[in-house]
């Protein structure tokens, strides 16, 4: 049965990749449907990674005119869809859905108002892999279960003995003061140690990572790596490069979720964020966590909105990290 489906998922690119299983299951249930995704402008690159989205609508909810943006969005989609599915734990989400005047409305249970306005107010279970948390939204719509993100990129032939390094984190994280990775000197040291093991190291990064890449080049003792910064022109190029690597080392950021979708053996650094919520428990993903005694780790988003000064959760023995990556 053909349906006009509106989905809403505000967040970064990583959030959009984690939302893909939800979209995939909807498309399986309604293969002739037209699927629209409303998202933030910073995340519209998701269309480079998948072909299941028929249309995107950008809504700048982080801008100074966010309420105007939301109203413009509501007027744009009123009466135009059969089903709307929205993530987000803000109680206003159910109000926005109701104002679209869409017959079937699905979102999280955020209280009495959501139960009154939504066709189905879905219990919000944050204590699970985020892709499955999002997928709970469509449990009443479809029996299909898509567990991992899937992207429309054909994996390339592996480059032997390679370790791809992507040190970047999102610009939004930097602006918020959320430190989720080791610093440039430490990335340079890790590259040197991997090189000492005889690994072919490739360094990549996006436009926001220029300063970090320049610092790594300055601090590296061996200078024994291939610099691909600037050679990946878009997300599709980055995904193809990740698919070529035997092993991938990265931060808690969008490239991590691309690697999950591609099934690449990946070693992400996790400090203040919760790996159990952000990566699937599969053999290909080996989170790197420091042996610190912080009593509230993981704390970011759970207990605090910015990183602390101590950052004991990011104090790694990089010789041990290199050993784990090379001998695994």
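Residue numbers (the working numbering): -3 to 324. The beta carbon of each residue, even a glycine, is placed where N, CA and C say it ideally should be.
Straight-line gap, residue i to residue j (C-alpha atoms, nearest Å)
| i | j | result |
| --- | --- | --- |
| residue 85 | residue 215 | 43 Å |
| residue 237 | residue 44 | 14 Å |
| residue 315 | residue 0 | 53 Å |
| residue 335 | residue 321 | With the chain covering only -3 through 324, there is no way to say anything about residue 335. |
| residue 80 | residue 277 | 30 Å |
| residue 218 | residue 182 | 14 Å |
| residue 272 | residue 188 | 29 Å |
| residue 249 | residue 10 | 6 Å |
| residue 233 | residue 112 | 45 Å |
| residue 49 | residue 18 | 12 Å |
| residue 99 | residue 134 | 15 Å |
| residue 285 | residue 29 | 42 Å |
| residue 8 | residue 148 | 19 Å |
| residue 164 | residue 262 | 15 Å |
| residue 64 | residue -2 | 32 Å |
| residue 177 | residue 268 | 9 Å |
| residue 227 | residue 270 | 31 Å |
Candidates the options: closest to residue i by CA position
| i | options | result |
| --- | --- | --- |
| residue 318 | 110, 97, 161 and 19 | 161 |
| residue 275 | 60, 38, 29 and 126 | 126 |
| residue 230 | 39, 30, 312 and 32 | 39 |
| residue 78 | 116, 2 and 150 | 2 |
| residue 222 | 159, 130 and 265 | 159 |
| residue 23 | 185, 260 and 141 | 141 |
Environment of residue i [buried if 16+ CB atoms lie within 10 Å]
| i | result |
| --- | --- |
| residue 27 | exposed |
| residue 195 | buried |
| residue 243 | buried |
| residue 101 | buried |
| residue 239 | buried |
| residue 108 | exposed |
Distance between beta carbons of residue j and residue i, contact taken as under 8 Å
| i | j | result |
| --- | --- | --- |
| residue 118 | residue 105 | 6 Å |
| residue 57 | residue 15 | Not really, about 16 Å apart at Cβ, beyond 8 Å. |
| residue 145 | residue 4 | Wrong, their Cβ atoms sit about 18 Å apart, outside the cutoff. |
| residue 75 | residue 97 | 5 Å |
| residue 241 | residue 198 | 7 Å |
For the segment 243 to 277, which segments carrying the alpha helix (DSSP H) assignment without a break, of at least 4 residues, lie completely within its bounds, in sequence order? 250 to 258 and 271 to 274
Which residue spans inside the segment 110 to 197 form an unbroken alpha helix (DSSP H) run of at least 4? 126 to 131, 167 to 172 and 180 to 192
In chain order, what are the residue ranges of uninterrupted alpha helix (DSSP H) at least 4 long that sit wholly in the segment 0 to 68? 9 to 25
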